[in-house]
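There are 2 protein chains.
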Amino acid sequence: MAVISTNQDKLVSHQVLTKFMREVFGRIKCAPEVSEPVVQGVVDTALRGVDTHAIRLLPRYIKEGQSGRVNLSPQMRITQTLPTTALLDADHTYGMHAASFGMDHAIRMAEQYGMGSVAIYNSSHFGAAGIYALAAANRGFMGFSFTHGHPIVAPSGGSKALIGTNPIAFAVPMEGEDPFCLDMATSGVPWNKVLQYRAENAPLKPGWAVDREGKPTTDPHLACALLPIGDYKGYGLAMMVDILSALLTGMAFGPGVSGLYSPGEHQNIGHFVMAINISAFTPPAEFASRMKEMAEGLRSSPRANNDVPILVANDPQKATRAERLREGIPIPPPVVDDLKNLAMELGIDSNDYPSLLGT
Amino acid sequence: MAVISTNQDKLVSHQVLTKFMREVFGRIKCAPEVSEPVVQGVVDTALRGVDTHAIRLLPRYIKEGQSGRVNLSPQMRITQTLPTTALLDADHTYGMHAASFGMDHAIRMAEQYGMGSVAIYNSSHFGAAGIYALAAANRGFMGFSFTHGHPIVAPSGGSKALIGTNPIAFAVPMEGEDPFCLDMATSGVPWNKVLQYRAENAPLKPGWAVDREGKPTTDPHLACALLPIGDYKGYGLAMMVDILSALLTGMAFGPGVSGLYSPGEHQNIGHFVMAINISAFTPPAEFASRMKEMAEGLRSSPRANNDVPILVANDPQKATRAERLREGIPIPPPVVDDLKNLAMELGIDSNDYPSLLGT
Chain A
1 MAVISTNQDK LVSHQVLTKF MREVFGRIKC APEVSEPVVQ GVVDTALRGV
51 DTHAIRLLPR YIKEGQSGRV NLSPQMRITQ TLPTTALLDA DHTYGMHAAS
101 FGMDHAIRMA EQYGMGSVAI YNSSHFGAAG IYALAAANRG FMGFSFTHGH
151 PIVAPSGGSK ALIGTNPIAF AVPMEGEDPF CLDMATSGVP WNKVLQYRAE
201 NAPLKPGWAV DREGKPTTDP HLACALLPIG DYKGYGLAMM VDILSALLTG
251 MAFGPGVSGL YSPGEHQNIG HFVMAINISA FTPPAEFASR MKEMAEGLRS
301 SPRANNDVPI LVANDPQKAT RAERLREGIP IPPPVVDDLK NLAMELGIDS
351 NDYPSLLGT
Chain B
1 MAVISTNQDK LVSHQVLTKF MREVFGRIKC APEVSEPVVQ GVVDTALRGV
51 DTHAIRLLPR YIKEGQSGRV NLSPQMRITQ TLPTTALLDA DHTYGMHAAS
101 FGMDHAIRMA EQYGMGSVAI YNSSHFGAAG IYALAAANRG FMGFSFTHGH
151 PIVAPSGGSK ALIGTNPIAF AVPMEGEDPF CLDMATSGVP WNKVLQYRAE
201 NAPLKPGWAV DREGKPTTDP HLACALLPIG DYKGYGLAMM VDILSALLTG
251 MAFGPGVSGL YSPGEHQNIG HFVMAINISA FTPPAEFASR MKEMAEGLRS
301 SPRANNDVPI LVANDPQKAT RAERLREGIP IPPPVVDDLK NLAMELGIDS
351 NDYPSLLGT
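Chains A and B are the protein sequences, given in the same order.
Going by my numbering, the first sequence opens with residue 1, and the numbers climb by one from there.
Going by my numbering, the second sequence opens with residue 1, and the numbers climb by one from there.
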């Protein structure tokens with residue numbers, strides 16, 4: 001266990017976390033059909049090591065449900081506009097509920113017609129974009145998912161944060177292992193990274209952020225906005241994500257998108273999910289086998305540094321997942337404290353979860 | 001005219017270039033249905049200022065037609081596999097012919113079913129990816145186009161060029177002006193840029209290239225492979241493009257893709273084009289108006305440098321297009337020489353094109 005936890009983290013099995021989260025959502029009277037995609041999404045994301053989008057957000061999600069910002073009894077309505085396009089009014093449910101439902105529907109359309117896409121509106125933070133692309137790939141489809149977010153990235157040449165870190169996720173099946181899955185923000189780093197460097201008084205890397213005048217800065221205390229990857233390229237991709245998530249859905253875009261942590265009523269964000277039927281183009285087994293061949297060719301190619309392996313997208317997450325399935329999911333002390341408070345507040349008996357809530 | 005040409009470039013109207021190209025293709029007995037998309041694609045690309053992918057490639061395209069590398073009498077076959085998916089065997093025609101035909105078909109499917117995609121195989125260099133995304137946007141659709149290319153980009157952590165600069169293009173209509181169009185290589189710069197810096201003995205910018213050991217280098221003479229934008233992000237996007245262009249089409253991927261300039265038989269590359277019916281999600285006029293609003297919000301936002309405007313994707317190309325429609329397309333002397341040789345070889349009377357071929 002020392003391999004993944006040399007510090008004070010608790011190591012909690014995914015089964016215990018799942019059971020705990022189910023009890024938490026039960027206590028706030030969230031219907032299982034609403035909460036189950038959140039539980040699965042958070043636990044899967046934690047297993048894959050994407051900790052910024054996993055357990056630490058649970059208290060926030062619960063608070064949003066309690067305050068009414070997220071609707072715990074949503075009446076989602078899907079409107080089929082053409083055979084492969086649908087609009088999903090998420091009625092302010094949890095984003096993971098909305099996007100899972102949306103991707104299921106996109107897959108059904110792709111099954112029959114070759115492609116399918118769902119533009120989702122009146123939604124909220126949907127966690128890691130990769131969840132939905134992976135859901136498609138795990139069922140043999142090519143999956144894409146996109147969401148916009150609150151503005152924290154400056155346009156190229158600008159000084160004001162006007163765009164979200166707007167992620168793009170893409171996944172396809174691969175023979176003999178979990179899918180290939182690219183899940184990337186269109187900014188160089190997340191804002192959390194700047195906050196972490198600020199706390200440590202460490203210099204940022206060049207190209208990560210600009211100051212209030214829009215000048216590149218490596219001073220974490222002066223950083224006011226993130227920069228997109230590859231200048232106009234990441235900026236253009238971020239706009240593409242906003243176009244898909246806001247312009248197709250009728251949601252606000254750019255500066256109009258409210259923050260994950262902002263108070264007020266509903267979050268009102270949009271997502272776009274899409275599935276493509278691989279079997280409409282090529283035999284799926286051949287596709288998966290050639291995908292494996294492509295990945296292996298890259299992994300085994302000459303390295304710049306012999307000690308640093310060449311990976312393909314999702315390799316680090318696959319390794320972490322295998323390890324965490326075996327050893328447990330590390331939860332840092334501040335998050336454990338938050339979960340203890342949450343349990344106490346909701347009247348959950350900490351003795352039922354000794355590995356998570358025990359002293 | 002001094003504004004766009006302070007050097008020895010000839011300024012040639014797009015009408016003259018169009019007429020010249022039509023005569024050139026006529027001389028090599030290329031059917032107009034095959035050559036016309038090439039003529040239109042090259043002239044439009046030249047007008048938009050993407051000179052790396054425009055007139056300078058004409059002699060190469062002609063040689064490919066003459067040598068049989070490109071088939072001047074192709075029998076393209078399209079197979080409708082599901083209502084929104086089709087496979088196009090391009091029979092080694094010009095890539096611009098294949099991809100234009102493919103996008104037309106994708107749009108027809110999107111019109112009826114909401115989405116449409118065509119995986120194109122047995123094709124060749126298709127010029128600027130933006131051409132096809134723009135074709136969709138100009139007809140009111142959301143367009144995507146992708147193509148792989150010969151390997152010149154190293155994977156993150158690798159020393160060997162194993163992936164193409166694999167571009168992504170995305171375009172949508174915008175009220176009152178030409179479409180928003182992102183057309184980006186997934187590498188930081190094209191290989192041409194390295195060659196140009198090599199010729200000028202100028203240092204490369206950090207992050208553009210690696211040497212033969214995979215170490216980052218700014219020495220243009222030591223550069224052996226390009227780097228993707230944003231490390232694993234651009235690398236993952238480049239793989240996505242290879243997956244769409246090669247794995248869905250049965251074409252070779254990565255190191256198996258032959259070069260634009262390689263000798264030998266057919267080029268055997270694949271493309272993927274996709275259209276989405278905007279009206280299936282939102283009234284098109286409202287979409288275009290909100291797109292304009294998004295662009296204007298960014299353009300008018302606070303600048304890092306007052307003298308440098310904030311742009312959105314396609315703004316530079318729109319400005320160049322307006323200028324070149326008015327003033328002509330600048331053709332540098334070496335390209336003029338190539339065109340003169342081409343004209344002589346094909347028995348074209350240079351007196352018919354004084355602005356282009358005159359002394």
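All residues carry an ideal CB built from backbone N, CA and C; glycine is no exception.
These figures come from a predicted structure and were not determined experimentally.
In this structure, DSSP gives I276/B an extended state, which the three-state scheme calls strand. DSSP assignment within the region 87–168 of chain A yields the following whole alpha helix (DSSP H) runs of 4 residues or more, N-terminal first: 95–113 and 130–138. Note on geometry: alpha-carbon atoms of S73/B and M142/B lie some 31 Å from one another. Annotation for I62/A: V24, I28 and L342 place their beta carbon closer than 7 Å to its own, counting only its chain and skipping 5 residues before and after. Collapsing the DSSP output to three states places D211/B in coil.
Residue nearest to L237/B within the set A169/B, G297/B and I78/B is A169/B (criterion: CA-CA distance).
If you compare the alpha carbons of G102/A, P83/A and L57/A with that of H271/A, the shortest gap goes to G102/A.
Under DSSP, V50/B forms no beta bridge with any residue. Closer than 9 Å at the C-beta level to chain A, one finds these residues of the region 227–238 of chain B: P228, I229, G230, D231, Y232, K233, G234, Y235, G236 and L237.
Look at F101/A: its C-beta is not under 8 Å from any C-beta on chain B. Secondary structure of I78/B (DSSP, three-state): strand.
Sorting R326/A, S100/A, L57/A and V34/A by C-alpha distance to the C-alpha of N71/A places V34/A at the top.
Contact check for H97/A and V257/A: beta-carbon distance about 20 Å, past the 8 Å limit, so the pair fails to qualify.
Annotation: Cβ neighbours of V210/A in chain B (cutoff 9 Å, chain order): A304. Within the same chain, Cβ atoms closer than 7 Å to the Cβ of G140/A are found at P173, I278 and P284, the five residues on either side in sequence being excluded. Taking a Cβ-Cβ threshold of 8 Å, the residues of chain A close to I310/B are P155, S156, G157 and G158, in chain order. Around the beta-carbon of H53/B, 16 or more other beta-carbon atoms lie within 10 Å, marking it buried. Restricting attention to alpha helix (DSSP H) runs no shorter than 4 residues, the region 193–249 of chain A encloses them at 232–242, ordered along the chain.
Residues of chain A whose Cβ lies closer than 9 Å to the Cβ of D104/B do not exist, since the nearest Cβ in that chain is about 17 Å away. By the Cβ neighbour-count rule, N192/B is exposed, with fewer than 16 other Cβ atoms within 10 Å of its own.
Residues of the same chain with a CB within less than 6 Å of the CB of G116/A, apart from the 5 flanking positions on each side, are T84, A106, M109, A110 and A275 in chain order. Contact between P216/B and P206/B holds: their C-beta atoms lie close to 6 Å from each other, under 8 Å. In the three-state DSSP reduction, V172/B falls in the strand class (E or B). Distance from the CA of D183/A to the CA of S13/B, rounded to the nearest whole angstrom, comes to 45 Å. Within the region 112–133 of chain B, Q112, Y113, G114, M115, G116, S117 and A119 place their CB atoms closer than 9 Å to a CB of chain A, listed in sequence order. At least one CB of chain A lies nearer than 8 Å to the CB of N277/B. Taking a cut-off of 8 Å for Cβ pairs, the region 154–163 of chain A and the region 226–242 of chain A touch, as three or more such pairs fall below it. Per DSSP, the beta bridge partners of I329/A are V12/A. Rounded to whole angstroms, the Cβ separation of P155/B and S301/A is 7 Å, and the two are in contact under 8 Å.
In the three-state reduction of the DSSP assignment, F281/B falls in the coil class. For T81/B, the chain A residues whose Cβ falls inside 9 Å of its Cβ are G114, N277, S279, A280 and F281, in order along the chain.
DSSP places L357/A in the uninterrupted alpha helix (DSSP H) bounded by P354 to L357. Assignment of beta-bridge partners to L182/A by DSSP yields F170/A. Contacts with chain B (Cβ-Cβ distance below 9 Å) from the region 242–254 of chain A involve D242, I243, L244, A246, L247, L248, T249, G250, F253 and G254, listed in chain order. With respect to I310/B, R324/B sits apart: the two C-beta atoms are not nearer than 8 Å.
Within the same chain, L11, V12 and S13 come within 6 Å of G328/B by CB-CB distance, once the 5 residues on both sides are set aside.
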